[in-house]
Amino acid sequence: KKEEILNDGLALSLAFGKYWLQPIQSRLKKRYPALSEQELDFFNETCQKARENSLDEMYKFAEVNAKLMPLNEFSNFVKQQFPWATTKIIKSVYSQGQYYVYKDFGNLSKNT
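FYI, our numbering numbers position 45 of the sequence shown as 64, with every residue one higher than the one before it.
Below is the structure:
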């Protein structure tokens, strides 16, 4: 259950639009009404950190290598840092990372 909440929370932390970079507690509470304020704060902090660290790693890779970080390498990084992350959520974070990398660096090579 905790891993499910973490993955849902990480997905919420990726939201664009009015929820972009916003805390996730209120949205998570709607899905998991039994969570306490302390639990909601823990999930918010953990999920925001997972998003930030993962996207930062992708960004640093692009800066150093002038190419897009391969998905398998990104997955390995995320799994080491956040072993609870599912393949599905890792792909979602990677997709958002691609957006930011392309936005700032242009259309980098995907060659590995």
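Note that beta-carbon positions come from the ideal geometry of N, C-alpha and C, so glycine has one too. This one's a predicted model, so the numbers in the text were calculated from it and none came from an experiment.
ask   = Between the Cα of L40 and the Cα atoms of A69, L127 and F124, which residue gives the shortest distance?
value = A69
query = Is the distance from the Cβ of A30 to the Cβ of I108 below 8 Å?
reply = yes
request  = Count the C-beta pairs between the stretch 60-78 and the stretch 109-122 that are closer than 8 Å, then say yes if the count reaches three, no if not.
outcome  = Yes, the stretch 60-78 touches the stretch 109-122.
ask   = Can you name the start and end residues of the alpha helix (DSSP H) that Q44 belongs to?
value = Q44 to R50
message = Please classify T131 as buried or exposed, where buried requires at least 16 other C-beta atoms within 10 Å of its C-beta.
response = Below a pLDDT of 50, predicted positions are generally treated as unreliable, and T131, at 45, falls in that range; the measurement from the model is reported next regardless. So T131 ends up on the exposed side.
task = Could you please give the first and the last residue of the uninterrupted alpha helix (DSSP H) stretch that includes Y145?
result = It is not possible to answer for residue 145, since the shown part of the chain is limited to 20 through 131.
inquiry  = So, under 8 Å CB-CB, N63 and I43 are touching, yes? Tell me the CB distance rounded to an integer number of Å.
reply    = 5 Å
N84 classed as buried or exposed, judged by whether at least 16 other C-beta atoms fall within 10 angstroms = exposed
task = Keeping to the same chain, check which residues put their C-beta closer than 6 Å to that of E23; ignore five residues upstream and five downstream.
result = Apart from the 5 residues on each side of it in sequence, E23 has no Cβ closer than 6 Å to any other Cβ in its chain.
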